[in-house]
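What follows is a single structure, written as C-alpha cells, with notes after it.
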Amino acid sequence: MQLQLKTWQFVEDYLKTKTGIIIPIGSTEQHGPTGLIGTDALTAEMIGRGAGEKVGALVAPTISVGMAQHHLAFPGSVTLRPTTLIAVVRDTVVSLARHGFTRFFFVNGHGGNIATVTAAFSEIYAERSMERLSNQPSIKCALRNWWEGAGTTKLCQELYPSGHGSHATPSEVALTWYKYPETMQQKPMEPRIAPNGSFADAEDYRRAFPDGRIGADPNLATPEHGKRIYDLAVEEVARDYEKWAAR
Ligand SMILES: [Zn+2]
82 MQLQLKTWQF
92 VEDYLKTKTG
102 IIIPIGSTEQ
112 HGPTGLIGTD
122 ALTAEMIGRG
132 AGEKVGALVA
142 PTISVGMAQH
152 HLAFPGSVTL
162 RPTTLIAVVR
172 DTVVSLARHG
182 FTRFFFVNGH
192 GGNIATVTAA
202 FSEIYAERSM
212 ERLSNQPSIK
222 CALRNWWEGA
232 GTTKLCQELY
242 PSGHGSHATP
252 SEVALTWYKY
262 PETMQQKPME
272 PRIAPNGSFA
282 DAEDYRRAFP
292 DGRIGADPNL
302 ATPEHGKRIY
312 DLAVEEVARD
322 YEKWAAR
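Under this note's numbering, the first residue of the sequence shown is numbered 82, with each subsequent residue one higher.
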C-alpha cells in the first residue's frame, strides 16, 4: 500500500491498529554498460512495495538518491553527502513519528548506503534519548537489504555460480528486466567477468573499473531469473518485516 496513493484519513485509521511503515531506499548511479542508473532504487522500491502488499503495510516514497560518490566519474550518477543522507533519513522518520508511526523498516538496494543509514539511526536514537520525552513511545528503525534473506542469497548463488560480482550484478539487473522489460539490452563486455577490487574516490573507481562493473557479468541475467528472485525476496522481506514489527 503506497503512502502516496492514500489519503490522510486513511493513514489516521491505519495508525489505530498498526504503527509500522516500509521505506525503500536506493541509489542513482551507473550500473555498467547495460544496467539502469536507477537499479538500486528500483529494486528496493519493487521489493519494498511487494512486501508491503503481502503484509498490508504502508510503503513510504522511495529515497532514490543515496551514497554514490564513487560513481560520479560516470555520467548520470547522483550522490548525497553522508551528512545530507543522514538528514534525509532523520527528517523522514521524525515526520512520520509525529503522526504515531513507531517502526521504520528500510528496504535497501545499495550496499554503499548501509554505514550512513545506520549512522542516521544512531542520530535519531540519540536525539530521542537526550530529549527524555517520557510521553513519547520509543521508535525502532531497521535496515534490510533486499538480497540478504537466506533463500534469496542461495538462489542468486545457484543462478550465478560465477560472475555475480558486487556491482551491476546479474541478480539486480534481472530484477529490473523483470519489472521493466522494455529496458532490456545486452552488449558484449570485455572482459566477460569484470575485475574485483577496492576503490576510493570517483576517479580511482573509474580507473580500476573502466566500464563500471565490479566482478559481474550482467549478460547472465534474464527476466525469468528476475521474477524468481523477486518472488522469493518479497516473501522473505515480508516475513522479516512482520516478525520485526511485532516486537
Ligand atoms: Zn546496484
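Just so it is clear, CB atoms sit at the ideal spot from N, CA and C, and this is done for glycine as well.
query, result
"Output the distance between the C-alpha atoms of Ser279 and His248, rounded to the nearest integer angstrom.", "12 Å"
"For ligand 3, I want to know if Thr100 counts as a neighbour, meaning its beta carbon is within less than 7 Å of at least one of the ligand's heavy atoms.", "Here the bound small molecules are ligand 1; ligand 3 is not part of this structure."
"DSSP puts Gln83 in a beta bridge; with which residues?", "Val140"
"If you draw a straight line from the C-alpha of Pro331 to the C-alpha of Thr199, how long is it?", "Residue 331 is absent from the structure shown; the chain starts at 82 and stops at 328."
"With distances taken from CA atoms, which of Met82, Thr88, Gly116, Leu96 is nearest Gln266?", "Gly116"
"Excluding five sequence neighbours on each side, which residues of the same chain lie with their C-beta closer than 6 Å to the C-beta of Arg287?", "Ala154"
"Does DSSP put Lys268 in a helix, in a strand, or in coil?", "coil"
"Jot down the residue ranges of each uninterrupted beta strand (DSSP E) in the stretch 183-254, minimum 3 residues, whole runs only, in chain order.", "184-189, 221-226"
"Just to confirm, does Asp321 get its C-beta within under 7 Å of one of the non-hydrogen atoms of ligand 1?", "no"
"Among Pro276, Thr303, Ser243, which one has its Cα closest to the Cα of Phe290?", "Pro276"
"Consult DSSP for Gly119 and reduce its assignment to one of helix, strand or coil.", "coil"
"Once you ignore the five residues that flank Gly157 on each side, which residues in its own chain have a CB closer than 7 Å to its CB?", "Gln111, Ile118"
"Around the Cβ of Gly137, are there at least 16 other Cβ atoms within 10 angstroms (buried) or fewer (exposed)?", "exposed"
"Is the distance from the Cβ of Arg225 to the Cβ of Val188 below 8 Å?", "yes"
"Assuming the contact rule is C-beta atoms closer than 8 Å, Leu139 and Met82 should be a hit. Round their C-beta distance to whole Å, please.", "5 Å"
"Between Lys235 and Val254, what straight-line distance do the alpha-carbon atoms span, to the nearest angstrom?", "17 Å"
"Identify the continuous alpha helix (DSSP H) that holds Gly307 and give its terminal residues.", "304-326"
"Going by DSSP, what residue range makes up the alpha helix (DSSP H) through Ile167?", "163-180"
"Tell me, which residues are paired with Pro105 by DSSP?", "Val188"
"In angstroms, rounded to a whole number, what distance separates the CA positions of Thr124 and Trp227?", "8 Å"
"Please check the pair Ala314 and Ile128, which I expect to be a contact at CB under 8 Å, by giving their CB distance rounded to whole angstroms.", "5 Å"
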